[in-house]
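To start, the structure under review is shown below, and the notes come after it.
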Amino acid sequence: MFESFAKARFSPNKADVTDCQNRLKSQRTQRMKNVVVQGVYIVGMHHCGRRELEVDVVHYRGQEHDNPYDENAMTVFIDTEMRHKVGFLRREDAVRLKNVYRHITGKCYLKAKQAASKFNRLKGPMKICNIGFKCDDEHVADVRQCLNGYSLKVF
Numbered sequence: 001m002f003e004s005f006a007k008a009r010f011s012p013n014k015a016d017v018t019d020c021q022n023r024l025k026s027q028r029t030q031r032m033k034n035v036v037v038q039g040v041y042i043v044g045m046h047h048c049g050r051r052e053l054e055v056d057v058v059h060y061r062g063q064e065h066d067n068p069y070d071e072n073a074m075t076v077f078i079d080t081e082m083r084h085k086v087g088f089l090r091r092e093d094a095v096r097l098k099n100v101y102r103h104i105t106g107k108c109y110l111k112a113k114q115a116a117s118k119f120n121r122l123k124g125p126m127k128i129c130n131i132g133f134k135c136d137d138e139h140v141a142d143v144r145q146c147l148n149g150y151s152l153k154v155f
């Protein structure tokens with residue numbers, strides 16, 4: 001009899017558990033924001049073996065510290081392990097995104113939006129892409145300031 005009383009008295013109600021889980025989930029989602037930066041260019045695809053990236057396929061961004069040509073170089077990878085390089089972010093975009101990188105939590109995703117275009121004969125093909133990442137809610141203002149001039153969505 002005591003066991004059944006203790007079980008009934010101290011076992012959590014299913015409604016209480018789901019309510020607690022929902023509150024924790026809402027607290028987590030309030031702290032993190034998804035940020036999407038539009039209009040960033042990927043270049044140098046022909047140096048990495050591919051002529052063009054696939055449209056609407058997720059790629060990943062990584063830092064390339066040992067690049068002798070550009071100390072701010074940001075590499076685009078096809079895999080999450082960041083072993084297969086497929087291109088680079090344009091130099092101007094990499095410089096501006098360098099300040100944002102410290103606010104990024106987790107992986108930084110890139111998705112090509114249209115076929116590569118060649119804008120002039122001195123530069124190779126460039127591809128427009130969107131970059132998505134998560135950052136803390138408190139850093140959104142800093143991210144907006146660093147990326148002034150880009151089309152930016154925060155949700």
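The UniProt record's numbering applies: residue 1 is where the sequence shown begins, and numbers increase by one.
Every residue gets a Cβ at the ideal spot worked out from N, C-alpha and C, and that includes glycine.
Boundaries of the alpha helix (DSSP H) harbouring Lys98: Arg91 to Lys98, taken from the DSSP string.
When beta bridges are read from the DSSP output, Ile131 appears opposite Val37 and Leu110. Between the region 138 to 148 and the region 100 to 111, the count of C-beta pairs closer than 8 Å reaches three or more; the two stretches touch. When Ala141, Tyr109 and Ser151 are compared, the shortest CA-CA separation from Asp56 is found for Tyr109.
Collapsing the DSSP output to three states places Tyr60 in a strand.
With a contact defined as Cβ atoms closer than 8 Å, His59 and Val86 qualify at about 7 Å. Taken atom to atom, the span from the alpha-carbon of Phe155 to that of Val140 is near 10 Å. Tyr69 sits exposed, since fewer than 16 C-beta atoms from the chains shown fall within 10 Å of its C-beta.
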